[in-house]
Amino acid sequence: MNSQITVHPKLQHYGLTTANLDAMTDWYRKVLGMTVNHRAAVPPEAQDRAPFSAFAFLSNDQVDHRLVLFEVRGAFVDPDRPRHTGLQHVAFECATLDDLLGTYVRLKNLGVLPLWAADHGVGISLYYEDPEQNRVEINASNYSDAWTATEHLRVSRGMMMAHVDPEKMVAARKAGASPWELHERAVAGEFSPAKPHDPSARP
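Encoded structure:
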């Protein structure tokens, strides 16, 4: 038993409180391909004692659950949430840039649009909001391995932020640009959105 050296547990799952379990499970199924592996309601005789009325365990890989949703009757979205402490966003990584851009197109066709998108230097990210304004990032690395991406962060003098229009990136990729070329062109400002990003805007 190791009791002296810090181990490195991996992030396994996170939990969210929701006012609408059906809407939230549907959104995560649609956006991230999650499956409900278990769902249950608190028995009526325990409703007064339990802090929630129902719950669902969801995953989009081999792990039994990556997300747990707890339905709380009467819960509401805090209108001043961006100014409060708490979870800012959760991120999910695509294996390739094509997977990321393809996800953007698929979700756009379903009427789900990102709040904004950016090339951070280390990777390209799309930011969405679920039905209760929890931020979900979907990203793809600009590098072929984790070591190189980590070295990029270590030597960077500041976090780069090049806002991009995913539509322009999709068009350039279809025209034959490589993923690295897309990154270089994004940093150069070629894929900038027509309107500057407004943090308060909703899709």
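Heads up: the sequence shown is residues 1485 to 1687, going by this note's numbering. A virtual CB, placed ideally from N, CA and C, is assigned to each residue, including glycine. Since the structure is predicted, the reported quantities are computational estimates derived from the model, not experimental observations.
About 28 Å separates the Cβ atoms of serine 1543 and arginine 1533, ruling out a contact at the 8 Å cut-off. Assigned with DSSP and collapsed to three states, tyrosine 1627 falls in coil, not helix or strand. Nearest to valine 1556 by alpha-carbon distance, out of Ala1656, Trp1600, Asp1682, Glu1616, is Glu1616. In this structure the region 1569-1582 lies against the region 1657-1677, because at least three pairs of beta carbons, one per stretch, are closer than 8 Å. Put simply, the backbone Cα of isoleucine 1608 is about 44 Å away from that of glutamine 1531. The shortest CA-to-CA distance from proline 1663 to any of Ser1628, Asp1564, Phe1536 is the one to Ser1628. For leucine 1597, the closest C-alpha among the options Lys1514, Gly1558, Arg1638, Met1485 is that of Lys1514.
Rounded to the nearest whole angstrom, the CA to CA distance from alanine 1540 to tyrosine 1612 is 21 Å. When DSSP reads this structure, aspartate 1603 sits in a beta bridge with Ile1608, Ala1646.
When Cβ pairs closer than 8 Å are counted between the two stretches, the region 1674-1684 is seen to touch the region 1639-1650, the count reaching three or more. Per DSSP, threonine 1587 is one residue of the alpha helix (DSSP H) stretching across 1581-1593.
Looking only at Asn1486, Phe1536, Val1552, the smallest Cα-Cα distance to tyrosine 1498 is reached by Val1552.
Listed in chain order, the non-local C-beta contacts of alanine 1601 below 6 Å within the same chain comprise Leu1610, Val1648, Pro1650, local neighbours out to five positions each way being set aside.
Annotation: arginine 1533 is outside any beta strand (DSSP E) and is labelled neither H nor E by DSSP. Here threonine 1509 is near valine 1520, since their CB atoms are less than 8 Å apart. For arginine 1669, the enclosing alpha helix (DSSP H) has its first and last residue at 1663-1671.
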